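Numbering (the numbering used here), first residue to last: 13 to 142. Ideal placement from N, C-alpha and C gives every residue a C-beta, glycine not left out. A quick note: this is a predicted structure, and the numbers were derived from the prediction, not measured. Contents: one structure, followed by commentary.
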């Protein structure tokens with residue numbers, strides 16, 4: 013289950029990168045960086061939820077608790093990727109990476125982390141209710 017969950021998370025990476033490109037190329041130039049950030053965040057949250065819903069049968073957690081552990085894994089991988097790859101591979105300064113966590117400045121990136129954490133358990137529950 014963990015290996016399948018990690019493989020699915022790997023599919024989220026290009027999805028998130030594509031979402032960032034969509035924000036930078038289309039949304040922010042038309043609506044501004046603040047609106048671009050918010051809209052892009054909401055799009056990514058929805059995409060994560062759909063991705064989880066489609067992939068949870070293949071991940072096959074035995075119960076909701078295991079599905080929540082999948083979310084914890086996805087969250088840990090996301091934060092590690094964001095900071096390690098963001099800084100060391102893409103050269104983003106630490107200050108810029110941390111700026112996305114400043115809710116008081118209108119940054120809503122934390123919603124992506126909440127969605128990443130909870131989407132597998134939500135998807136598991138939705139699949140069980142069908």
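Check: Exposure of residue 48, with buried meaning 16 or more beta-carbon neighbours within 10 Å; Outcome: buried
Check: Proximity winner among 55, 125, 39 and 46, relative to residue 27 (alpha-carbon distances); Outcome: 55
Check: Three or more C-beta pairs below 8 Å linking the region 100–109 and the region 37–53; Outcome: no
Check: Bounding residues of the alpha helix (DSSP H) (the contiguous stretch that carries residue 107); Outcome: 106–111
Check: Nearest candidate by alpha-carbon position, reference residue 17, set 129, 29 and 46; Outcome: 129
Check: Cβ-based burial, residue 113 [other Cβ within 10 Å; buried from 16]; Outcome: exposed
Check: Touch test, the region 69–81 against the region 119–138, Cβ-Cβ under 8 Å, three pairs minimum; Outcome: yes
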